[in-house]
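Visitor: My structure is below; once you've seen it, I'll send some questions.
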Amino acid sequence: MNRAREDLRAYLVGGGIASLAAAVYLIRDGGVPGRNITIVEESPRLGGSLDAGGSPEHGYSMRGSRMYGAAYTLMYELLSGIPSLDDPHRSVTRDTLDFWETAPWEAKARLVEDGKIVDTSSFGLREKDQADLIGLMLRDEAALGAKRIDECFDEAFFRTNFWFMWSSMFGFGTWHSAVELRRYFLRFLRLFPDLASLRLIQSTRYNGYDSIVKPMARWLEAQGVVFEVGARVTDLEFSGSGDRKAVRRISCLHEGRPSDFDVRENDVVIVTLGSMTAESSWGSMTTAPVLNRGRHDGAWALWERLAEKDPAFGRPRTFCGNIDLTKWVTFTVTHSDGRFFRRMEAFSANPPGCGGLVTLKTSSWLLTFHLYHPPAYAEAPEGTFVWWGYGLFPDRIGDFVQKKMSACIGEEILVEVFSHLGFQDDLGALVRGARCIPCMLPYTTSQFMPRAAGDRPQVVPAGVVNLAFVGQYCEIPDDVVYTVEYSVHSALLAVTSLLGLEAKLPPTYRGLDHPKALVGAIRTILR
Ligand SMILES: Cc1cc2nc3c(=O)[nH]c(=O)nc-3n(C[C@H](O)[C@H](O)[C@H](O)COP(=O)(O)OP(=O)(O)OC[C@H]3O[C@@H](n4cnc5c(N)ncnc54)[C@H](O)[C@@H]3O)c2cc1C
Numbered sequence: 097m098n099r100a101r102e103d104l105r106a107y108l109v110g111g112g113i114a115s116l117a118a119a120v121y122l123i124r125d126g127g128v129p130g131r132n133i134t135i136v137e138e139s140p141r142l143g144g145s146l147d148a149g150g151s152p153e154h155g156y157s158m159r160g161s162r163m164y165g166a167a168y169t170l171m172y173e174l175l176s177g178i179p180s181l182d183d184p185h186r187s188v189t190r191d192t193l194d195f196w197e198t199a200p201w202e203a204k205a206r207l208v209e210d211g212k213i214v215d216t217s218s219f220g221l222r223e224k225d226q227a228d229l230i231g232l233m234l235r236d237e238a239a240l241g242a243k244r245i246d247e248c249f250d251e252a253f254f255r256t257n258f259w260f261m262w263s264s265m266f267g268f269g270t271w272h273s274a275v276e277l278r279r280y281f282l283r284f285l286r287l288f289p290d291l292a293s294l295r296l297i298q299s300t301r302y303n304g305y306d307s308i309v310k311p312m313a314r315w316l317e318a319q320g321v322v323f324e325v326g327a328r329v330t331d332l333e334f335s336g337s338g339d340r341k342a343v344r345r346i347s348c349l350h351e352g353r354p355s356d357f358d359v360r361e362n363d364v365v366i367v368t369l370g371s372m373t374a375e376s377s378w379g380s381m382t383t384a385p386v387l388n389r390g391r392h393d394g395a396w397a398l399w400e401r402l403a404e405k406d407p408a409f410g411r412p413r414t415f416c417g418n419i420d421l422t423k424w425v426t427f428t429v430t431h432s433d434g435r436f437f438r439r440m441e442a443f444s445a446n447p448p449g450c451g452g453l454v455t456l457k458t459s460s461w462l463l464t465f466h467l468y469h470p471p472a473y474a475e476a477p478e479g480t481f482v483w484w485g486y487g488l489f490p491d492r493i494g495d496f497v498q499k500k501m502s503a504c505i506g507e508e509i510l511v512e513v514f515s516h517l518g519f520q521d522d523l524g525a526l527v528r529g530a531r532c533i534p535c536m537l538p539y540t541t542s543q544f545m546p547r548a549a550g551d552r553p554q555v556v557p558a559g560v561v562n563l564a565f566v567g568q569y570c571e572i573p574d575d576v577v578y579t580v581e582y583s584v585h586s587a588l589l590a591v592t593s594l595l596g597l598e599a600k601l602p603p604t605y606r607g608l609d610h611p612k613a614l615v616g617a618i619r620t621i622l623r
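The sequence shown begins at 97 in this note's numbering and counts up one residue at a time.
What follows is the structure in structure tokens.
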């Protein structure tokens, strides 16, 4: 083994998928012994945004649910070496693709309006919308700068089937970054013909925590990786100056007590910047979640502290500076009877777990949900049914519940969803059998905020020899945020660069380089 690697220590700040991926790459590609790697995570559990918890009695809960697909080349490559939760001889990747084959999505009720399924065979775009859409794909990123999406389209565009399906699927608001939307169009160009059916979308067998985080954590633990949970990093200290600095200390509070790490120049420090799930809070059937406007978690506080030290470390306020434009309410619902799932199956003609997303087009909150293929949790008893949803406009008043979604208790969210579906005849029984846990996420779409060059730091910032930034807020050309793939990509770039490894990176998929996909997309747009 390379002596330098054997001696090298790696400190990974944050225990989300970006850090877990970086740890795998350090061991697998870099030959760094697992015992030399420390992951510092402030919450009691690993996984970050990729979380899921709860119980059948009290209700399951997860802040987010996940869709994947062929564009996730790095994630699938990474997970092809990690044994799945249930079978040590089958990788997480194999397990996910096998599951996709047995329970593929084929949405038959992608959009619902006043309790009726909408015909989505056409995107409903006018000629001007079609030209604007294709025009945005062909624009230069630098020329778009920090433009908002609504500066690139007419108002009518935002009332088309296309926009309802695209924005609800990926979480875009009209005020978000046009540059990011353009990247999405190109990165997911293959999806255009199947935007309504969601046929190409893949999901893991269980929720993301059970199917991805647990197996990765188990693998890393077996390699000897040290997990410091309940430890918040508050600052990094540097030695040197100008274009040759090095992290020399990581300031850390472990359960409130100082617990710093001294770092040598030939060690590496990999920091997950910011977090889309920081400051989140839970409600219940009878309580609404609280909107945290302050700094209780370490993610944004650390980036803000670092940004004061060096302009190369980016500008966090661009992303975390306006939570009224970045917040969402999500909710997880658990039933111990099949009433709602049976009703949905009759309504949509989709077996549970195969219908993909359902967006309630006329709902003021713009509600979207999907039913998990049971069991959604590896440990869930038979006869437990879980679904998950979100509202893109949590501050609008509901159509059946005269309240903002952000102020609603779980029961009220259910009343709104069931009423939009036209299930009022059975409302009482449907609500009685459910436990709905809402979650307030102040920063969920923060990574989509309009940005200018320099707002996001490079993965390896200039002038620092032993530091890299990973996660959703560093700059990776062509790739798209709000994806696990982006965090994995950042981890691979960080490790490859810091360890001086030969880059094995396939080029990021760009639709414009793939004529077949381009023609397919344009045909669908013009339909
Ligand atoms: C509602 C929702 C839906 C989503 N849907 C999809 C989807 O369909 N497909 C998809 O690919 N992705 C989806 N995502 C995005 C995906 O989950 C995230 O991009 C990914 O999990 C981010 O991982 P990360 O490790 O970069 O950051 P995070 O998961 O945010 O992890 C950062 C971790 O670092 C810790 N931390 C931060 N600062 C400190 C500090 N100073 N000290 C100690 N610890 C610290 C935090 O506690 C956290 O655990 C979704 C996310 C959400 C919220």
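The beta-carbon is built from N, C-alpha and C at its ideal position, and this holds for glycine as well.
As the structure is a computational prediction, the values presented were derived from the model and not from experiment.
(1) Any heavy atom of ligand 1 inside 7 Å of the beta-carbon of I133?
(2) What separation, rounded to the nearest whole angstrom, lies between the Cα atoms of H350 and V136?
(3) Less than 6 Å between C-beta atoms, sequence neighbours within five positions excluded: which residues of the same chain meet that for L285?
(4) Could you check how far apart the C-beta atoms of V128 and L104 are, in whole angstroms? I think they sit under 8 Å.
(5) Going by beta carbon distance, what residues of the same chain come within less than 6 Å of Y168, once the five residues before and after it are set aside?
(6) May I ask you to report which of helix, strand or coil DSSP gives W315?
(7) Do you know offhand how far H431's Cα is from G506's?
(8) Excluding sequence positions up to five away, which residues of its chain have a Cβ less than 8 Å from the Cβ of V109?
(9) Which runs of the alpha helix (DSSP H) fall wholly inside the region 246-334 and span at least 4 residues, in chain order?
(10) Can you check whether the C-beta of R401 is within less than 8 Å of a C-beta belonging to chain B?
(11) Mark H154 as exposed unless 16 or more other C-beta atoms lie within 10 angstroms of its C-beta, in which case mark it buried.
(12) Using three-state DSSP, classify F519 as helix, strand or coil.
(13) Closer than 8 Å by C-beta to L296: which residues in its own chain qualify, once you throw out the five before and the five after it? Chain order, please.
(14) Would the beta-carbon of A395 be found less than 7 Å away from any heavy atom of ligand 1?
(15) For E209, which of helix, strand or coil comes out of DSSP?
(16) So the candidates are E197, F195 and I213; which of them puts its Cα closest to the Cα of A203?
(17) Could you spell out where the alpha helix (DSSP H) holding A199 opens and where it closes?
(18) Any heavy atom of ligand 1 within a distance shorter than 7 Å of the CB on G487?
(19) Which value, in whole angstroms, describes the spacing of the CA atoms of G479 and T428?
(20) Within the same chain, show all residues whose beta-carbon is closer than 6 Å to that of V321, passing over the 5 residues directly before and after it, in chain order.
(21) In whole angstroms, give me the CA-to-CA distance for L526 and E317.
(22) Considering only residues of the same chain and omitting the five flanking positions on each side of A501, which have a CB-CB separation below 6 Å?
(23) Determine the direct distance from the alpha carbon of P471 to that of E637, and round the result to whole angstroms.
(24) Report back the beta-carbon spacing between M536 and K423 to the nearest angstrom; my notes put them in contact at under 8 Å.
(25) G452 to L463, Cα distance in whole Å?
(26) Taking the beta carbon of V208 as the centre, do at least 16 other beta carbons fall within 10 Å, making it buried, or is it exposed?
(27) According to DSSP, Y164 sits in a beta bridge with which residue or residues?
(28) Going by other Cβ atoms of all chains shown within 10 Å of its Cβ, with 16 needed for buried, is D182 buried or exposed?
(29) Here's the rule I'm using: 16 or more other beta-carbon atoms within 10 Å means buried, otherwise exposed. How should N362 be labelled?
(30) List the DSSP bridge partners of E137.
(31) Any chance the region 301-315 sits against the region 187-205, with 3 or more Cβ pairs inside 8 Å?
(32) Hey, would you say the C-beta of Y582 is under 7 Å away from at least one heavy atom of ligand 1?
(33) Can you tell me whether T540 is helix, strand or coil according to DSSP?
(34) If we ignore side chains and look at the alpha-carbon of each, how far apart do P354 and G567 end up?
(35) Is it a yes or a no for the region 332-343 touching the region 571-589, going by three-plus beta-carbon pairs under 8 Å?
(36) Applying the criterion that 16 or more other CB atoms from any shown protein chain within 10 Å of the CB defines a buried residue, is L601 buried or exposed?
Guide: Judging by the given coordinates:
(1) no
(2) 9 Å
(3) G607, A613 and A617
(4) 6 Å
(5) E581
(6) helix
(7) 13 Å
(8) S115, V136, V329, I346, V365, I366, V367, T368 and L398
(9) 257-266, 274-283 and 310-318
(10) Among the chains in the structure shown there is no chain B, since it carries only a single protein chain.
(11) exposed
(12) coil
(13) G165, A166, R286, L287 and D290
(14) yes
(15) strand
(16) I213
(17) It is not in any alpha helix (DSSP H) - A199 carries neither H nor E in the DSSP assignment.
(18) no
(19) 17 Å
(20) A119, G130 and I133
(21) 42 Å
(22) In the sequence as displayed, the identity of residue 501 is Met instead of Ala. Hits under 6 Å: V425, W461, G487 and P490.
(23) Past the edges of the chain, shown from 97 to 623, lies residue 637, and the structure says nothing about it.
(24) 7 Å
(25) 14 Å
(26) buried
(27) Q298
(28) exposed
(29) exposed
(30) V325
(31) yes
(32) yes
(33) coil
(34) 26 Å
(35) no
(36) exposed
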